[in-house]
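Asks: Following the working numbering, the numbering of the sequence shown begins with 574 at its first residue and continues without gaps.
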Amino acid sequence: MEHSTRRIFHSILRGELYGTPNTKPLLSAIKIKAFYETQFLRNLKGFRFGCKNRIPLGIRMVPFFQSKIRQQSKIAIAVASSGIATTLLHGGRTAHSTLKVPLNLTPCEAPLCNISKCTGEAKVLQECKLIVWDKCTMAHKQALEALDRTLQDLRGNGKLMGGAVLLLAGDFHQTLPIIQKGTMADELKACLKASYLWRHVHKLELKTNMRVHLQGDAASGQFAQQLLSLGDGKIAADPTTGLITIPNNFCNIVDSIETFKTSVFPDIRRCFNDHKWLCERAILAPKNDSVNAINLQIQQQLPGVDVSYKSIDTVL
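1. Work out the CA separation of residue 664 and residue 730 for me, nearest whole Å.
2. Restricting to Cα atoms, I'd like to know which of 834, 719, 662 and 658 is closest to residue 768.
3. Within a Cβ cutoff of 6 Å, which residues of the same chain sit near residue 743, ignoring the five residues on either side of it in sequence?
4. Under 8 Å between the Cβ atoms of residue 650 and residue 691?
5. Beta-carbon separation of residue 705 and residue 645 under 8 Å?
6. May I ask you to list the residues that DSSP assigns as paired with residue 666?
7. Checking 8 Å against the spacing of the C-beta atoms, do residue 689 and residue 695 come in under that value?
8. Could you give the C-beta distance for residue 721 and residue 770, rounded to a whole number, given that I count them as a contact under 8 Å?
9. Mind checking which residues open and close the alpha helix (DSSP H) that includes residue 848?
10. Strictly by DSSP, which residues pair up with residue 703?
11. Under three-state DSSP, which class holds residue 932?
12. I'd like to confirm the pairing. Which residues does DSSP put opposite residue 810 in its beta bridges?
13. How is residue 731 classed by DSSP in three states: helix, strand or coil?
14. Just verifying my parser: in three-state terms, what is the DSSP assignment at residue 822?
15. Would DSSP call residue 755 helix, strand or coil?
16. Tell me the rounded alpha-carbon separation between residue 873 and residue 844.
17. Measuring only the C-alpha atoms, how far is residue 655 from residue 661?
18. For residue 813 and residue 757, what's the separation of their Cα atoms in angstroms?
19. Can you tell me whether residue 686 is buried or exposed? The criterion is at least 16 other CB atoms within 10 Å of its CB, across all chains shown.
20. Taking C-alpha atoms, which residue in 809, 802, 799 and 869 lies nearest to residue 830?
21. By Cβ distance below 8 Å, which residues in the same chain neighbour residue 817 in space, the five residues on each side in sequence not counted?
22. Measuring CA to CA, which of 863, 754 and 642 is closest to residue 737?
23. Which residue comes first and which comes last in the alpha helix (DSSP H) that contains residue 834?
24. Who are the near neighbours of residue 600 in its chain, counting only those whose CB is closer than 7 Å to its CB and skipping five residues on each side?
25. Looking only at its own chain, which residues have a Cβ that is under 7 Å from the Cβ of residue 735, when we skip the five neighbours before and after it?
26. Only counting the same chain, and skipping five residues up and downstream in sequence, which positions put a Cβ closer than 7 Å to that of residue 747?
27. Does DSSP put residue 682 in a helix, in a strand, or in coil?
28. Whose C-alpha, out of 791, 680 and 635, is nearest the C-alpha of residue 703?
29. Excluding sequence positions up to five away, which residues of its chain have a Cβ less than 8 Å from the Cβ of residue 827?
30. Between which two residues does the alpha helix (DSSP H) harbouring residue 862 extend?
31. Please list, in chain order, all residues of the same chain as residue 548 whose beta carbon is under 8 Å from its beta carbon, the five residues on each side excluded.
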């Protein structure tokens, strides 16, 4: 790498070369950073873990890695643990769909992916140079171990992941593996960090929140820092109840669901056809029952006749 290019790259690492609140990031600098790191990926044995607790790695960095590999006429596979996350990856599919990870991993001590050597899926995995797994923290540790065994078998290579590079992207502040009727200890036991493969991980951490940095919004920066403190367990909890006290400036508390809906969707009967207006607001809830109830209440405010469309996932 030339001296000038290396200087730009190290400026990126130091957070000095991002642009201003009124300008976009320097695209060429971002590409240089992606190119530089791809050289490590191409020669790296094993796999890397990209920690996304500051910046969306899967959205911004992964496409550069994929493009670089594919530019060399090589195969790069992109998967994610959830269907929604796959829509943000170029050519992305769920890990269960692409890698044929078993749906029920608990009964078997050494599970394997359901891929035969004579299939097209096997040929792709035999020749691929890079596998990107986004939202990996949601995956069961045995899913990763099953992929490791399968790749070693398909590629005839006893090295980690059969000699292929696996780039994991995720944030342990977010959802861990869901264990039905399990305890928090069961979730931690199923987490990737509990796998024997974790000691081979080369961890990369992105520390700058680019959205806050570029927008120059001090309030957003403070809110982001509060979220990180909450995720890191730095907010003291009541020893009796286990509950935490939310700071006064963390959010606005309302006294009823009706007030909450009105504050998020004011005058919805007039603006419901404005797609841009709708895209700027959303209500999040921890449980599907709450989501369904709020959606029904909002739909009842809209003019017109309600129509229900049912989907069938079985062949008739």
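Each residue gets a CB set at the ideal place from its N, CA and C atoms; glycine is no exception.
Replies: Well, looking at it:
1. Numbered from 1 along the sequence shown, position 157 holds the residue referred to as residue 730. Numbered from 1 along the sequence shown, position 91 holds the residue referred to as residue 664. Near 27 Å, if we compare the C-alpha coordinates of residue 664 and residue 730.
2. Looking up residue 768 in the sequence shown gives position 195. That would be 719, whose Cα lies nearest to the Cα of residue 768.
3. Translated into the one-based positions of the sequence shown, residue 743 becomes position 170. Correct list, in chain order: 708, 709 and 710.
4. Locating residue 650 in the sequence shown gives position 77, where the first residue counts as 1. Locating residue 691 in the sequence shown gives position 118, where the first residue counts as 1. No.
5. In the sequence shown, residue 705 corresponds to position 132, counting from 1. In the sequence shown, residue 645 corresponds to position 72, counting from 1. In this structure, residue 645 does not lie closer than 8 Å to residue 705 by Cβ.
6. The residue labelled residue 666 in the question sits at position 93 within the sequence shown. 652.
7. Locating residue 689 in the sequence shown gives position 116, where the first residue counts as 1. Locating residue 695 in the sequence shown gives position 122, where the first residue counts as 1. The answer is yes: Cβ separation under 8 Å.
8. Within the sequence shown, numbered from 1, the residue matching residue 721 stands at position 148. Within the sequence shown, numbered from 1, the residue matching residue 770 stands at position 197. That pair is a contact at about 6 Å.
9. Against the sequence shown, residue 848 aligns to sequence position 275. That run of the alpha helix (DSSP H) goes 848-852.
10. On the sequence shown, position 130 is the one that residue 703 refers to. 649 and 738, per the DSSP bridge assignment.
11. The structure shown does not extend to residue 932, since the chain spans only 574 to 889, so no value can be given for it.
12. Taking the sequence shown and counting its residues from 1, the one referred to as residue 810 is at position 237. Answer is 817, bridged to residue 810.
13. What you label residue 731 is simply residue 158 of the sequence shown in a count that begins at 1. Coil.
14. As a first step, residue 822 must be located in the sequence shown, where it is residue number 249. Residue 822: coil per DSSP, three-state reduction.
15. By one-based count along the sequence shown, residue 755 stands at place 182. Here residue 755 sits in coil by DSSP.
16. Translated into the one-based positions of the sequence shown, residue 873 becomes position 300. Translated into the one-based positions of the sequence shown, residue 844 becomes position 271. Going by the C-alpha atoms only, they are around 15 Å apart.
17. Indexing the sequence shown from 1 puts residue 655 at position 82. Indexing the sequence shown from 1 puts residue 661 at position 88. Distance between the alpha carbons of residue 655 and residue 661: 11 Å.
18. Taking the sequence shown and counting its residues from 1, one reaches residue 813 at position 240. Taking the sequence shown and counting its residues from 1, one reaches residue 757 at position 184. The alpha-carbon atoms of residue 813 and residue 757 are separated by roughly 18 Å.
19. Counting from one through the sequence shown, the residue named residue 686 turns up at place 113. That one is buried.
20. In the sequence shown, residue 830 corresponds to position 257, counting from 1. Considering only alpha carbons, the answer is 869.
21. By 1-based counting over the sequence shown, the position of residue 817 is 244. Excluding positions up to five away in sequence, the list reads 803, 808, 809, 810 and 811.
22. As a working mapping, residue 737 is identified with position 164 in the sequence shown. That would be 642, whose Cα lies nearest to the Cα of residue 737.
23. Mapped onto the sequence shown, residue 834 falls at position 261. In this chain, the alpha helix (DSSP H) harbouring residue 834 covers 830-837.
24. Counting from 1 along the sequence shown, the entry for residue 600 is found at position 27. Legend: pLDDT at residue 600 = 41, less than 50; position of this residue unreliable, value from coordinates given subsequently. Contacts found: none.
25. For the purposes of this step, residue 735 is taken as residue 162 along the sequence shown, with counting starting at 1. Answer for residue 735: 724, 725, 727 and 728, listed in chain order.
26. Walking along the sequence shown from the start, residue 747 turns up at place 174. Here residue 747 has 710 as same chain residues with Cβ atoms under 7 Å from its own Cβ, once five neighbours each way along the sequence are excluded.
27. As a first step, residue 682 is located in the sequence shown; it is residue number 109 there, counting from the start. Note: residue 682 maps to coil in three-state DSSP.
28. To locate residue 703, count along the sequence shown from 1; it is residue 130. Residue 703 has its Cα closest to that of 635, out of 791, 680 and 635.
29. The residue you call residue 827 lines up with position 254 of the sequence shown. Correct list, in chain order: 833 and 836.
30. The residue given as residue 862 occupies position 289 in the sequence shown. Here the alpha helix (DSSP H) through residue 862 covers 861-872.
31. In the structure as shown, the chain begins at 574 and stops at 889. Residue 548 is therefore absent and cannot be evaluated.
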